[in-house]
Amino acid sequence: EDLVPETLPLGSVVKVLQNLLQENIPVRDMRTVAETLIEHGRVSQETGALTAAVRVALGRSIVQKISGLDSELSVITLDPDLERLLQQSLQASVDGSAGLEPGLAERMINALQESTQKLEMEGKSAVLLVSSFLRPWLARFVRHSISNLNVLSYNEIPEDRQVRVVGSVGPNG
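Note that the sequence shown covers residues 43 to 215 in this note's numbering.
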């Protein structure tokens with residue numbers, strides 16, 4: 043009752059749930075989802091920002107789904123130069139696409155596929171850890187070519203989880 047239509051229209055709530063389900067985020071904890079939407083829906087009606095807020099609130103269950111109860115999470119990161127380049131490209135775009143040079147996009151996909159396979163051969167789930175600004179775009183970017191790569195933002199990782207960087211992807215792959 044506090045959520046729809048008081049805080050957000052039903053369509054926005056449905057879109058946030060669709061966004062979460064599209065990335066295989068469990069939405070069983072509807073209480074947390076609703077509380078987060080009530081809290082953040084007063085500030086923003088933008089479904090991308092609301093989805094990000096819900097992902098942070100569900101961070102513990104997202105990470106647990108990926109790595110179980112392990113205290114350590116093995117992750118792949120982006121080289122700072124590549125992260126800066128992607129951020130600048132996204133900020134400069136009008137439509138939310140980074141407009142990457144095709145060779146760079148291909149090198150990134152190849153390097154991420156290689157890192158993902160390496161982690162899976164070690165029996166670990168593949169996680170790409172990036173800034174919250176880049177996370178939605180990168181999740182869409184890899185979704186079809188590397189469907190088993192989980193893209194998380196730094197603020198989705200619970201404080202009690204150790205993060206171990208096992209690989210880094212740069213502009214040259």
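Backbone N, C-alpha and C fix where the C-beta goes; we use that ideal spot for every residue, glycine too.
Measuring CB to CB, does residue i end up less than 8 Å from residue j?
i: isoleucine 151; j: isoleucine 118; result: no
i: glutamate 198; j: glycine 101; result: yes
i: alanine 153; j: asparagine 192; result: no
i: leucine 218; j: glycine 83; result: A query on residue 218 cannot be resolved here, the shown segment of the chain reaching from 43 to 215 and no further.
i: leucine 45; j: valine 58; result: no
i: serine 113; j: valine 208; result: no
i: glutamate 125; j: leucine 170; result: no
Checking the sheet assignment: what are the DSSP bridge partners for residue i?
i: asparagine 214; result: Looking at the DSSP assignment, asparagine 214 forms no beta bridge with any residue, so it has no partner.
i: isoleucine 108; result: Isoleucine 108 is not bridged to any residue.
i: glutamate 114; result: Gln204
i: leucine 171; result: Thr119 and Leu194
Can you tell which of the options has its C-alpha closest to the C-alpha of residue i?
i: valine 96; options: Val69, Leu161 and Asp112; result: Val69
i: leucine 180; options: Glu65, Gln159 and Ser54; result: Glu65
i: asparagine 214; options: Leu146, Gly83, Ser173 and Glu162; result: Leu146
i: lysine 107; options: Asn190, Phe175 and Arg206; result: Asn190
i: proline 47; options: Gln159, Asp71 and Leu79; result: Leu79
i: phenylalanine 183; options: Val136, Leu63, Val85 and Arg149; result: Arg149
i: serine 109; options: Val211, Ser210, Ser135 and Val205; result: Val205
Tell me whether residue i, by its Cβ, gets closer than 7 Å to a heavy atom of the ligand COA.
i: isoleucine 104; result: What this structure holds is no ligand at all, so the ligand COA is not there to describe.
Complete beta strand (DSSP E) runs within the segment 174–214 (minimum length 3 residues, chain order) | Every unbroken stretch of the beta strand (DSSP E) spanning 3 or more residues and falling wholly within the segment 174–214 is given here in chain order: 191–195 and 204–211.
With a cut-off of 8 Å, do at least 3 Cβ pairs link the segment 67–82 to the segment 123–140?
-> In short, these stretches do not touch, since the Cβ pair count stays below three.
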